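In our numbering, the protein residues as written are 2 to 499.
Ideal placement from N, C-alpha and C gives every residue a C-beta, glycine not left out.
Bear in mind that the values here come from a model prediction, so they are computed numbers and not experimental data.
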């Protein structure tokens, strides 16, 4: 093994770099989302820190090509990788508290958390090359071989983290695993160097990191569930509602917004006021029997639809099967002949589905800083239109203002829907007369050209209808398309409020 230890070291550190980048996305997601800005920041910071590490490692290697210094670099990267798991929460809390702009906060968070370890990991390959270099005649082959091995390690690390580690171990445990792996690499690199004091230091840090990690796990936060699925990091927590003093259970993939909630002991109660606006379907298409829900979440809307339409059927398209499992365990979902679960991306479902529906509910944006852009485009809206029966209705929830800089996302989405449907009506859920502040805005799109009545003898329905937006909506933004849908950019001002 000693003969090939440099090859083993560059292979493992190459794998660690890519695993760290992928797990980094799960670490920042609950605070900053998974928008293009977040991914750009992670990739840019990792590449930048690696570049700095390559330069620094090459400089150190030329100055003093020594296994002791080489092992110190690896030991330092192990320590810094482990520390990420201990400081991530206070760092991210501080970043989102003091830096409202998602673009700046994403760069700063990525830099503070991942640049130190990334830089140290970047020093390994050039230093290993210098240690392996014996003569200039074969230098090209040496450089090529070691960089190829490092790249293969990066490929293995990418697939291992993306396909297996994140789904089975969780982000905090993966950070510990990566750190412990690097400590093992350190012991391999330092064998024969006689650096007993450094090895003692490494053992002390290993004990400290393990103690800190297990202590944090045993004294976890308020979350009753904190797990990584194939699609997101999911957190379930309970807290008391300040208005009613009732205990409420929330599910989140972002700490600033909840993707679903239920009042404990009252499974049929809709906790979020905007959810009731989906009941407008009964007014705009009375007698409907078959519905489609894109974005099942914890199935609150699906259960509400079935309870109000006992003979109805609803197909629920939820991309993450873990959400369905969690809905059954924590959010009162039970098997029902009227509810059909389909675990698939909403867009791909629309692309191939041939069934016809009376109603289509779109609830995939979930008040998030990073909505799935491909669900906002005119191509998606046209596919939804084609799946509707003659008098079919699409109801969409959009979190945005209506006017001003904070209303860009809404206005772009509204223009897109308006370009397909003959009739589109807007119902601001919180501020029916005020369009400057972000809120849940319900958009009702009708396939029929016959104007509907905007009054109802049903008091509940009339309450929702009274929120009809009767004022001008600016047409200042282009429709969203698969080619151009800058939804994260349109939401920048909205995210600053959180």
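Ignore the nearest five residues each way along the sequence and tell me which others in residue i's own chain have a CB closer than 6 Å to its CB.
i	result
residue 275	430 and 441
residue 16	154, 157 and 158
residue 483	378 and 380
residue 243	none
residue 252	237, 260, 261 and 299
residue 289	359 and 360
residue 220	Low confidence applies to residue 220: its pLDDT is 44, below 50, so where it sits in the model is not reliable enough to give any reading.
residue 136	At residue 136, the pLDDT of 49 sits below 50, so the modelled position is not reliable; the number obtained from the coordinates is stated separately. So the list is empty, once near-sequence residues are dropped.
Taking DSSP's pairing of strands, which residues face residue i in a bridge?
i	result
residue 432	DSSP lists no partner for residue 432.
residue 258	255
residue 227	236
residue 187	DSSP, once it has assigned bridges, lists no residue as partnering residue 187.
residue 426	445
residue 248	241
residue 263	250
Please return the same chain residues whose Cβ sits closer than 8 Å to the Cβ of residue i, not counting the five positions on each side in sequence.
i	result
residue 467	433
residue 376	295, 347, 348, 363, 365 and 366
residue 1	Residue 1 lies beyond the range of the chain shown here (2 to 499); nothing can be said about it.
residue 341	314, 315, 316 and 317
residue 474	403, 412, 415 and 427
residue 418	382, 395, 397, 425, 444 and 446
residue 177	83, 86, 210, 211 and 214
residue 228	171, 234, 235 and 323
residue 100	106 and 109
Quick one: give me the first and last residue of the beta strand (DSSP E) that residue i is part of.
i	result
residue 401	389-401
residue 239	234-241
residue 343	340-343
residue 318	314-318
residue 361	358-363
On the DSSP letters alone, give me the boundaries of the alpha helix (DSSP H) that residue i sits inside.
i	result
residue 29	6-33
residue 162	No alpha helix (DSSP H) contains residue 162, which DSSP labels as neither H nor E.
residue 118	103-123
residue 94	68-99
residue 63	37-64
residue 351	347-353
residue 326	322-331
residue 1	The first residue shown for the chain is 2 and the last is 499, placing residue 1 beyond what the model contains.
Using a Cβ-Cβ cutoff of less than 7 Å, which residues in the same chain neighbour residue i once the five nearest sequence positions on both sides are dropped?
i	result
residue 118	21, 78, 81, 82 and 85
residue 187	72, 75, 76, 79 and 203
residue 130	143, 144 and 147
residue 339	307, 313, 314 and 315
residue 89	28 and 114
residue 42	107, 108 and 111
residue 38	103, 104, 107 and 489
residue 572	For the chain, the structure presents residues 2 to 499; residue 572 sits outside this window and is missing.
residue 373	365
With a cut-off of 8 Å on the beta carbons, I'd call residue i and residue j a contact; round off their distance for me.
i	j	result
residue 300	residue 328	5 Å
residue 76	residue 259	Rounded, the Cβ-Cβ distance is 42 Å, inconsistent with contact.
residue 396	residue 443	6 Å
residue 302	residue 294	6 Å
residue 360	residue 393	7 Å
residue 107	residue 19	Their Cβ separation, rounded to whole angstroms, is 19 Å, which puts residue 107 and residue 19 out of contact at 8 Å.
residue 385	residue 481	Contact doesn't hold; Cβ gap of about 14 Å is too wide.
residue 25	residue 160	Their Cβ separation, rounded to whole angstroms, is 17 Å, which puts residue 25 and residue 160 out of contact at 8 Å.
residue 236	residue 224	5 Å
residue 284	residue 320	Going by Cβ atoms, the distance from residue 284 to residue 320 rounds to 30 Å, so no, they are not a contact pair.
residue 263	residue 332	5 Å
residue 34	residue 127	Not a contact, Cβ separation roughly 35 Å.
residue 388	residue 420	Going by Cβ atoms, the distance from residue 388 to residue 420 rounds to 17 Å, so no, they are not a contact pair.
residue 495	residue 401	6 Å
residue 150	residue 350	Rounded, the Cβ-Cβ distance is 42 Å, inconsistent with contact.
residue 190	residue 10	6 Å
Relative to the ligand PLP, is the shortest distance from any of its heavy atoms to the C-beta of residue i smaller than 7 Å?
i	result
residue 260	Questions concerning the ligand PLP fall outside what the structure shown contains, since it holds no ligand whatsoever.
> Which full runs of the beta strand (DSSP E) of 3+ residues lie inside the segment 275-304, going along the chain?
Replying inline: 291-295
>> Could you tell me which whole alpha helix (DSSP H) segments of length 4 or greater appear in the segment 444-492?
In response: 460-466 and 488-491
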